[in-house]
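*Asks:* Going down the list, the protein sequences come from chains A and B.
Its first residue numbered -5, the first sequence is counted upward by one per residue in my numbering.
Its first residue numbered -10, the second sequence is counted upward by one per residue in my numbering.
One structure, pasted below without further comment.
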Amino acid sequence: MKYAQLIRLLVGRELTLRYKRSVIGIGWTLLNPVLTSLVLWYVFSFVFASKLPSGQQFAPYLMAGILLNTFFNQSLMQAAESIASNGGVLTKIYVPPQIFAISSALAGLANFFIGLFPLALVCYVSGQPLALTLPLVLVVGVALALLTAGLGLALSIMFIRFDDTRNIVNVLLLILMYITPIFYPVGIMNETMQNVIHWNPLTSYLDIFRWAFSNNATPTLFSWIYMSCWSIFALLLGTYVFKKYWPRTVAML
Amino acid sequence: MAVIEVKNLNVTYRVLMNKSSSLKELFRDAIKGKARVVDYVALEEVTFSVDKGEVVAILGRNGAGKSTLLKVLAGVLPPAKGSSKVDGKVAPMIELGAGFHPEMTGAENVLFYSALMGRDVKSVRERTPAIGEWAGVSDHMNFPLRTFSSGMVARLAFATATDEKSEVLLVDEVLSVGDSDFQAKSKARMHDLITSGAAVVLVSHDMASVKELATRAIWLENGRVKMIGNPEEVVAAYEAH
């Protein structure tokens, strides 16, 4: 593909740039989820650990949730922001703008994969073996990258046109985080909330991820179908919205 | 054969009067029925073509549509009506150094900028030391760009942008950069590129350069072609205006 080299450079830039001026540099990519998980684990293990179905471990449960949520949040915001922040390039040199959103999603995917190493360590420490279905994590990762790239493309138009979209999206992401079973077991919620959580697309991605990695959840056929539908839907939506509105939006950059 | 073919090109910018820059304001304006949309015509029925080896200069006052025309030719701005066809690899020399990042090193920026312009990363990587040397910043290539002086950044951007020949060259006032020594050097290189057989569209306010380099000139006024023809004649008419 004509733009493969550019995508590789962009992904590399995004991975290294965030922590460029810190002492341990890209090591933060490893350390960040570990530290967040440690804090939340200390706080919530008293409350929630005993509420998990038997055979499931709280520490890997929590950390898997954090990894996936970080992946979604960061790459969605970055994919949406990347096109606005590269306006200087996009108004001077012809590059398909979608490349920037795709690269952000891929950088998020790479970060996610790096985070799997500490997660494996946590599994080992809490005595939970990795599952044979491990390669399927790749499917979840790609599905989530497609989801964020698609939604990010649609959002990028909004980001350029309306300054306050960022704040609204941040609030929505916070709500989304609370209706995703990241640090609590679904079983503790009442029926209404369980329904909401069930129809939250991120729940399907997360269930499949936890199951594929270390057999720490029980996704159903519905989870797989729902996940695929959302990824495809987001991609179509993003491509459509972007194609339709970009010609009018580019003049605003 | 024409490398650049522009036919009845129209470009309009959609301007929102009392523009709502936030969703909140848009909502408010929509309720009050206040969001008025005005189409601003930047280019109107522009037609011309550029052959291989031709240098076409675009003249006109600020706001006449010169930069808009270059952006359409570069492919970053879509036409509202009409068409603009460009065959071959385009080197847009519009505000050099687009995409330069202060936290990345000089060498990394050279690579990234070249990749944006569609060049082969592998061959640019081999050429990077030569590019740095030509720009006179060899010793700094492995330091972040934020440690460069603004003159050094401009020199590196110019050296990178002009490192490779392209079939189509779009030039917006970047005939020379840097201090007086470098200016002479960059001017010579730019002249080489312009006269090397590419199809060139050149926007400049420097009438001496236009007369020296151009083989044809187009005078734009308020988005329309006012005059097109021999550079000497067009420049004379433009200056008399």
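Note that beta-carbon positions come from the ideal geometry of N, C-alpha and C, so glycine has one too.
As the structure is a prediction and not an experimental result, all values here were calculated from the model.
Can you tell me whether S48 (chain A) is buried or exposed? The criterion is at least 16 other CB atoms within 10 Å of its CB, across all chains shown.
*Replies:* exposed
*Asks:* Since M93 (chain B) meets chain A, which of its residues come closer than 9 Å, beta carbon to beta carbon?
*Replies:* R7, T10, L11 and K14
*Asks:* With 16 other CB atoms within 10 Å as the buried threshold, where does K45 (chain A) fall?
*Replies:* exposed
*Asks:* Please say whether A(-9) (chain B) and L85 (chain B) have beta carbons closer to each other than 7 Å?
*Replies:* no
*Asks:* I'd like to know if K86 (chain A) contacts chain B, where contact means its C-beta is closer than 7 Å to some C-beta of that chain.
*Replies:* yes
*Asks:* In chain A, what lies closer than 9 Å to F101 (chain B) by C-beta?
*Replies:* L0, L3, L4 and R7
*Asks:* Which residues in the same chain have their Cβ closer than 8 Å to the Cβ of K200 (chain B), if we skip the five residues on either side of it in sequence?
*Replies:* P220, E221 and V224
*Asks:* Drop a sphere of 10 angstroms on the beta-carbon of E296 (chain B), count the other beta-carbons inside from all chains shown, and report buried for 16 or more, exposed for fewer.
*Replies:* Limits of chain B in this structure are -10 at one end and 230 at the other, which puts residue 296 (chain B) out of reach.
*Asks:* Which runs of the alpha helix (DSSP H), 4 residues or longer, sit entirely within the segment 121 to 205 of chain A?
*Replies:* 131 to 155, 159 to 172 and 185 to 193
*Asks:* List, from N- to C-terminal side, the alpha helix (DSSP H) runs of 4 residues or more that fit wholly inside the segment 3 to 63 of chain A.
*Replies:* 21 to 42
*Asks:* How many angstroms separate the CA atom of R50 (chain B) from the CA atom of S193 (chain B)?
*Replies:* 10 Å
*Asks:* Nearest chain B C-beta to F156 (chain A) closer than 7 Å, yes or no?
*Replies:* yes
*Asks:* Using DSSP bridges, identify the partner residues of D161 (chain B).
*Replies:* B:V192
*Asks:* Whole-angstrom Cβ separation of F207 (chain A) and L115 (chain A), contact assumed at under 8 Å?
*Replies:* Contact flag wrong, Cβ pair sits at about 12 Å.
*Asks:* What does DSSP give as the partner residue(s) for F37 (chain B) in the beta ladder?
*Replies:* B:V(-5)
*Asks:* Going by beta carbon distance, what residues of the same chain come within less than 6 Å of M130 (chain B), once the five residues before and after it are set aside?
*Replies:* G95, A96 and G121
*Asks:* Going by C-alpha distance, which of B:Y102, B:V45, B:Y2 and B:E162 is nearest V26 (chain B)?
*Replies:* B:Y2
*Asks:* When we look at the beta-carbon of E34 (chain B) and count the other beta-carbons within 10 Å, is it buried (16 or more) or exposed?
*Replies:* By the 10 Å Cβ count, E34 (chain B) comes out exposed.
*Asks:* Where L10 (chain A) and R213 (chain B) are concerned, what is the direct C-alpha to C-alpha distance, given to the nearest angstrom?
*Replies:* A small correction: the amino acid at residue 10 (chain A) is Thr; Leu does not occupy that position in the sequence shown. Each residue's alpha carbon lies about 47 Å from the other.
*Asks:* Could you tell me which of A:S198, A:G146 and A:S120 sits nearest to F94 (chain A), measuring between CA atoms?
*Replies:* Selected option, being the one with the closest Cα: A:G146.
*Asks:* Applying the 10 Å Cβ sphere with the 16-neighbour rule, what's the burial state of L(-2) (chain B)?
*Replies:* buried
*Asks:* Got a sec: is the Cβ-Cβ distance from P68 (chain B) to anything in chain A below 7 Å?
*Replies:* Taking a beta-carbon distance threshold of 7 Å, P68 (chain B) does not count as an interface residue toward chain A.
*Asks:* In this structure, how does DSSP classify A80 (chain B) when only helix, strand and coil are distinguished?
*Replies:* strand
*Asks:* Using only the alpha-carbon positions, how far apart do D201 (chain A) and H90 (chain B) sit?
*Replies:* 39 Å
*Asks:* With a CB to CB cut of under 7 Å and the five nearest residues on each side skipped, what residues in its chain are close to I108 (chain A)?
*Replies:* T23 and L24
*Asks:* Select from B:G71, B:E92, B:S198 and B:K78 the residue whose C-alpha is nearest the C-alpha of V232 (chain B).
*Replies:* In the structure as shown, chain B starts at -10 and stops at 230, and residue 232 (chain B) therefore has no counterpart that could be examined.
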